[in-house]
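Quick notes on the structure that follows.
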Amino acid sequence: MPPINRLANLRSLRASNLDVAFATAFGTLVSGLFLVGFIQSLGGSDVWIGFLSGIPSLIGLLQIPGAIWGRRFSSYKRFVLPGGLFWRLGYVPLVVLPFLPAPPALKLTLLLTCVLLASVGGTLVNPVYNEWIAEMVPDNSRGTFFARRNAIATAVGAVVGIFGALLLDAFRGHHEDKTGFTVVYGLGIVCAFVSMYFFTRMQDLPREAPVRQGLAEGLRTIGQPFGDRNYRRVLIFLGVAVLGQAFAGNLFNAYALESLKLDFKVVQGTAVSMAIGNVLSARFWGFLSDKYGNKPVLAIVATLLALNPIAWLATIPGQGTYNAVLLLSTHVLMGMTWCGINLCQFNIMLATAKPAERASYIGAGMTITALLGGISPLLGAFMMAGLRFGFPAVVAYKLVFLVSILLRFAAVLFLIPINEQGSTNLRTALGALRRVTPRGMKAMRSLAKSSDVEARAEAIHSVGATGATLAADEVIKALHDPQPKIRRQAAEAIARLNHPRATQELIHQVEEHPDLLEEETIEALGRVGDARAVPVLIQTLQSPRSLLRRAAARALGRVGEGDEVTIGALIRAAEDPDDVDLRRTALQSLRRLEVREAEPVIRNAIGDPHPSVRIAAAEAIAELDLSDAAPALRASMEKYRDEASSEAAYALGVVGDSGDIPLILDEAARSVSMITRRRCLLGVARLLGVEREAYRLMLLDGMARDAALLQILGPEMKRRPKIRSALTRFSSGDEVGAVEALVRSWKVVPPGLDQPPAVEELFLVLAVATTWSR
C-alpha cells in the first residue's frame, strides 16, 4: 500500500465527495418520491409505503456486526468495496420490474426483496466507510468538510431528481408510466456506477491496529458504546430525534400526490428548493459546528426542524398554485435546517466517540438511527392507515404531521444532558447568531477569501464594527499576519469583539514581538479591560518608543483596578521629566481611575510649563474635587495666559469659592474662542450652583434659546421690572447693559459681579442664577 500523506488524503476526499454526490443521485432516483409513485401505481397501501421506507433503516441493525467484522481488515477499501458494489447491484432489477408480466402484489414483493438485499450490502460496510472518511479529516475541520460534502451531495441529487421528475411527468402525460419508471431507474443505475468509479479512485488507508475478535469478545465490543454513559445519552437523543424526523416518512410525498394532486416535477421541485437551502447554509453550519461545537448548533436546528411541517399543515387541497408557491419557498428554509441536522447529528457521534473504538461507536449510533428510522415511518404509516377509517385523508395526513412536530420538539430535551468536549453553551452560540448581519457575513466571506491587503483590512474593520464574533478566530489569526496594516486592524477588531481569547492573544503579541508591536495592540488591551494585561502594560511604560509608552498609560486607565502597583507606575509616569505626552496621558489615567492619593503629583502638574499637561491636571482636579489644589490653580492662572487657563478656571469653579469669580471672569474676557470662554463661564455657573441649567442654555440658539429665557425669567418679571428691562436689552443686542440691569435686580451680588467685564453669554449664566439671588 503506498504511503499516505495529507495531499493523498485530500485527493481521496475529493473523489469521495464525487462518489457520494452520484450515490445520492442514485438513491434519489430509486427511492423517495419515485419509490412512492411506483408503489401507488401498483396499488400499494400506506403500509407498503411505510415498509419500503422503513426496511432499509431496519437493516441498519447490521451496522454493529459490520463494524466489528470490518475491524478485522487491515484495509478499509478492501472491506467496503464488495458491500458497496452489492448495494448498487441490488437495484438493477428495478429497471425491468415495471414491465415484468406479474401481478402487482408479486411486483411489490420483488421490489421489497431487492430493496432488502441491497440495504444489507450497504449497511454492513457503512460504519467502516464513515470511519475511513473520518480518519482522513482533521478534527477541527469536520464541520466545514462534512457541510461541504453534504451540500455537494444534496445539490447533485436535487438536480438529477428534478430531471427524473420531468421525465416521469412527460411519460405519464402520454400514459407511459411503466416506461417512465424504467427510464428513471435506469438513470439511477448509471449514477450508481459513476459513483462506483469515483469510489475506486480513492486511495486506501491502512488500519493501524486490526482487531480479530471471537464471538464473545465481539458481543462485548457491541455493548461498549451502550456502556459509555455520555455516549448512551447521545444514542438516546439520536433515537428520539430520528423518531420525530422519520415519523411522517414518505407520507409528505404521498400527501402531495394523493391529496394535493401535485405533479411529480413540483414535488421534486421541493427537493431542489431544499438543495438550494442546503448549499446556501452548508458553510455556515459547518463553520458554526467547528467554532461552537455540535451540541449548541443541534439545539438550534432541532428546534427549527420541529417547525418544518407547519408549511404542510398550511396547504389547501385544490389550491395548486398556492400550494406550489408555499412549499417551494418554505423548502428553502427547510433545506437550511436539514443541512444543520444532517451535519451535526453525524458529527456529534464522531465528537463523543472514543477514537480507539470509533468504528464500534459509529456503528452503534448509526444502528440506533437506522433502527428508529425504520420503525418510525412504519408507526406513522400504521397511524395513517388507522386514521383513514375515521377522518378524511387530508385530516389524517395532517394529524400525522402534527405528531411529528411534537416528537421533534421532544428530542431537543434529550440533547441537554449530553457532554460534548470543547463545545460552548447555547447562550454563547445564540448570542453570536443574534449579532449576525448581512454586512458582517459579507465581511466574513471577504476575510476568508481575499488576498488583497486593503480588502482584508476593510473586512476586518467591518467584522469589528458589526460585532461578528463568528469571525473572531479569523481575526485572531490576522494578529500574526505578515502585513503590519492587517495586524493593526486585527488588534482593533478583536478588542471590539470582546472575545475570551483577546487578552491572551494580545499579551502574546506584546511579549513575543516587542519590536513589531504597534500602539493599536496596546490600545486594544485597554479597550478589552482585562486586569491580566496590567503587568505587560506597566512593562510597556518603559518602552523606548514614546507612542507605546503613552498607549500603555492610556490603557492602564481603562484596565487598572486602582491597585498600588498600577497607581505607582502611573504616578511615576506622570512625573516623567522627558516625555510631555506621557505625563499628560498618565494624569488622564489617574483621573479615570479616581486616584485621590495622586493629589500631590496632580497639584504639581497644574504648574507644568506645557499646556496639555496643565489641562489634564485641571480636569483631574475638577473631577476628583481636590479642594487643596485651589491655591495652585490660582497661581497657574496668574502665571500662564494660554488655552489651558480656561480649564484651570473651570477647575477653580469646582474647588474654589465665590471670591474666585473675578479671576475666572477675567480669563473668560481674555478668551478668543467660544470653547474656552464657555468653559470659564461654566466655572462661574458652578460657583453659583447653576451649572447644569447654564449648560443647557448654551446648547440652545435662536428662538429656542429666547423661549427658554422667557420660561426662566417670566415668573420674576412682574415682581422685578429690572428683569424685564434686562431681557429687553439682551434681545436688542445690548448684552453688557442686560447684565448690569440683571445684577441690579439681585438683593445679594456675589464678588466680581457688581461690575463684571464684558463677556459674551455671561447673561445666560446670570439669567439662570436669578432664582439664587431672590
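Numbering-wise, my numbering comes out as the position in the sequence shown, counting from 1, plus 193. Backbone N, C-alpha and C define an ideal beta-carbon position, used for all residues, glycine too.
By the Cβ-count criterion, I609 is exposed, with fewer than 16 other Cβ atoms from all chains shown falling within 10 Å of its own Cβ. Taking a contact as a CB-CB distance under 8 Å, the pair S466 and M529 does not count as one, their CB atoms being some 10 Å apart.
DSSP, read as helix, strand or coil, puts P399 in strand. Between L920 and T963, the gap from beta carbon to beta carbon reaches 8 Å or more. Looking at the DSSP output, S268 bridges to P399. Counting other Cβ atoms within 10 Å of its Cβ, S452 reaches 16 or more and is therefore classed as buried.
With a cutoff of 8 Å on beta-carbon distance, T221 and L431 are scored as not near each other. In the structure shown, P258 falls within a helical segment according to DSSP collapsed to helix, strand and coil. In the DSSP assignment, W505 falls within the alpha helix (DSSP H) that extends over 503-506.
The residues F272, in chain order, have a CB closer than 6 Å to that of F266 in the same chain once the five nearest residues on each side in sequence are set aside. V353 is positioned such that its CB atom lies no closer than 8 Å to that of Y269.
When the Cα atoms are used, L543 and H654 turn out to be separated by approximately 36 Å. Annotated three-state conformation of S864 is coil, per DSSP.
Following the DSSP letters along the chain, one finds H701 inside the alpha helix (DSSP H) bounded by residues 695-705. The C-alpha of G263 is placed about 56 Å away from the C-alpha of E711. I700 is the residue among I700, D756, R743, R742 whose C-alpha sits nearest the C-alpha of V729. Excluding sequence positions up to five before and after A688, its CB lies within less than 6 Å of the CB of A717, R720, V721, all in the same chain and listed in chain order. Bounds of the alpha helix (DSSP H) holding Q438 are 422-439. Here L497 is not near F594, since their CB atoms are 8 Å or more apart.
With a cutoff of 8 Å on beta-carbon distance, L826 and A841 are scored as near each other. Contact between the segment 839-855 and the segment 803-817 is present, with at least three C-beta pairs closer than 8 Å. For V847, the uninterrupted alpha helix (DSSP H) segment begins and ends at 837-848.
Per DSSP, G379 is one residue of the alpha helix (DSSP H) stretching across 370-393. The shortest C-alpha to C-alpha distance from V460 to any of A748, L309, V229 is the one to V229. When only Cα atoms are considered, M395 and I503 end up about 42 Å apart. The segment 731-760 is shown to contain whole alpha helix (DSSP H) runs of 4 or more residues at 739-752, in chain order. V596 is positioned such that its CB atom lies no closer than 8 Å to that of F445.
Burial check for H524: the Cβ neighbour count within 10 Å reaches 16 or more, so the residue is buried. Secondary structure of V321 (DSSP, three-state): helix.
The beta carbon of G657 is closer than 7 Å to those of E685, A686, R689, L690 in its chain, skipping five residues each way along the sequence.
Per DSSP, reduced to three states, the secondary structure at F582 is coil, with no helix or strand assignment. Cα atoms of S616 and L304: separation of roughly 44 Å, rounded to the nearest angstrom. Listed in chain order, the non-local C-beta contacts of G573 below 7 Å within the same chain comprise G243, F440, A441, G442, L444, V593, local neighbours out to five positions each way being set aside. Contact annotation: A815 and V773 have beta-carbon atoms that are not nearer than 8 Å. Between the C-alpha atoms of L600 and Q438 there is a straight-line separation of about 8 Å. Its Cα nearest to that of P804, the residue M830 stands out among M830, V788, E787.
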